[in-house]
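Counting from 12, one number per residue, gives the positions in the sequence shown under this note's numbering.
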Amino acid sequence: MSTATAGGRRLQNAAWGVVAWIAGIIFVFPVIWMLLTSLKQSKDVTTNPPVWFFTPTFEHFSTVFDSNITPFLLNSLMASVFSTLIVVMLATPAAYALSLRPVARWSDALFFFISTKMMPVVAAVLPVYLLTVKIGMKDNIWTMVILYTSMNLPLAIWMMRSFLLEVPREVLEAGEVDGAGLITSIRRIILPMVSPGLAATALICFIFTWNEFFLAVNLTDTNASTAPIFLLGFISGRGPFLADLSAAAVLLSLPVLLAGWVAQNKLVRGLSMGAVK
12 MSTATAGGRR
22 LQNAAWGVVA
32 WIAGIIFVFP
42 VIWMLLTSLK
52 QSKDVTTNPP
62 VWFFTPTFEH
72 FSTVFDSNIT
82 PFLLNSLMAS
92 VFSTLIVVML
102 ATPAAYALSL
112 RPVARWSDAL
122 FFFISTKMMP
132 VVAAVLPVYL
142 LTVKIGMKDN
152 IWTMVILYTS
162 MNLPLAIWMM
172 RSFLLEVPRE
182 VLEAGEVDGA
192 GLITSIRRII
202 LPMVSPGLAA
212 TALICFIFTW
222 NEFFLAVNLT
232 DTNASTAPIF
242 LLGFISGRGP
252 FLADLSAAAV
262 LLSLPVLLAG
272 WVAQNKLVRG
282 LSMGAVK
């Protein structure tokens, strides 16, 4: 390879690196702006032009903690964790039956699962609301767990199916020759191989549940209100509220960021196994 060609490739790589950094900054900028806003004095939040240099303050975070945030966090954590666990436990055998051991008319079953995502949530909220009121389950965290499970299950089945399709059939056949039954094959062969995909599916379901707002605002009042509902308390037409709102949003984003950071290796491997190829 000539020196000119090598120099051209280095220049091209550097240019693509600059483009990647610019794109990354554009995507991350709203988060950075939210963090900066949460650290500003109230008088500096709405200035035009914006104040870039200021003395940081944590008074807005203190306001958030003084606003009884704990029940909202616990409700969101409970709904997210339990619904995600149920989704994973249901989606894994369903995906197995639609990939490695396809059942009859498996394509129709797949279409049925994904068709449940075609109806807008707003079209179903009224009958769901009336049903929960009728059976006395309105403003109940277990109602939200059931709804979030049904909301995420079709997506999880499709994702897990794509991951399971990556498992070599020869490995399963070798396990069967050695006497491994269905449960043993799933527990000792399949799950270790698709654990990155399992983690990716669980994390995406957790994020969707944690951020869900529409069902929570219509089906909860005081006992089962989740974290997104907590943010409504900081939206007011009287006086500056953006700093307090930004501080609350930063705090409520931390569990998702922490979960993503803990599972980042498996998440990257999982998403590259076939879900978004």
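Note that CB positions come from ideal geometry on N, CA and C, so glycine has one too. All figures in this text were calculated on a predicted structure; none of them were measured in a lab.
query: Residue nearest to Ile240 in terms of C-alpha spacing, selected from Leu96, Asn79, Val62, Trp44; result: Asn79
query: Outcome for Asp55 when other beta-carbon atoms lying within 10 angstroms are tallied against a minimum of 16; result: buried
query: Pairwise C-alpha distance: Leu164 and Met100; result: 10 angstroms
query: Any non-hydrogen atom of the ligand PLP closer than 7 angstroms to Phe174 Cβ; result: Absence of the ligand PLP is noted for the structure shown, with no ligands found whatsoever.
query: Span of the alpha helix (DSSP H) around Asp55; result: 53 to 56
query: DSSP-derived helix/strand/coil call for Asp255; result: helix
query: Residue environment, Phe217, which counts as buried when at least 16 other CB atoms sit within 10 Å; result: buried
query: Chain-order list of residues whose beta-carbon lies under 6 angstroms from that of Thr127 (same chain, five-residue window excluded); result: Pro165
query: Leu242 versus Phe252: straight-line alpha-carbon distance, rounded; result: 11 angstroms
query: Straight-line gap, Phe65 to Phe124 (C-alpha atoms, nearest Å); result: 52 angstroms
query: For His71 and Leu202, the rounded distance between their alpha carbons; result: 44 angstroms
query: Secondary structure of Glu181, DSSP reduced to three states; result: helix
query: Beta-carbon proximity list for Ala259, same chain, < 6 angstroms, skipping 5 on both sides; result: Val75, Leu242, Phe245
query: Unbroken alpha helix (DSSP H) run spanning Lys145, endpoints; result: 132 to 145
query: Beta-carbon contacts of Asp232 that lie in its chain and below 7 angstroms, excluding the five residues immediately before and after; result: Asp150
query: Secondary structure of Pro113, DSSP reduced to three states; result: coil
query: CB contact flag (Thr160, Ile97, <8 angstroms); result: yes
query: Selection from Val182, Pro41, Leu111 that minimises the alpha carbon distance to Leu176; result: Leu111
query: Own chain partners of Ser87 with C-beta closer than 7 angstroms, once the 5 adjacent residues on each side are dropped; result: Trp221, Thr237, Ala238
query: Three or more C-beta pairs below 8 angstroms linking the stretch 222 to 229 and the stretch 135 to 152; result: yes
query: Assigned secondary structure, Ser236 (DSSP; H/G/I helix, E/B strand, else coil); result: coil
query: Buried/exposed call for Ile168, threshold 16 Cβ in 10 Å; result: buried
query: Proximity to Val334 [Cα-Cα], best of Leu230, Ala25, Leu265, Gly35; result: Only positions 12 to 288 of the chain appear in the structure, and residue 334 is not among them; the question remains open.
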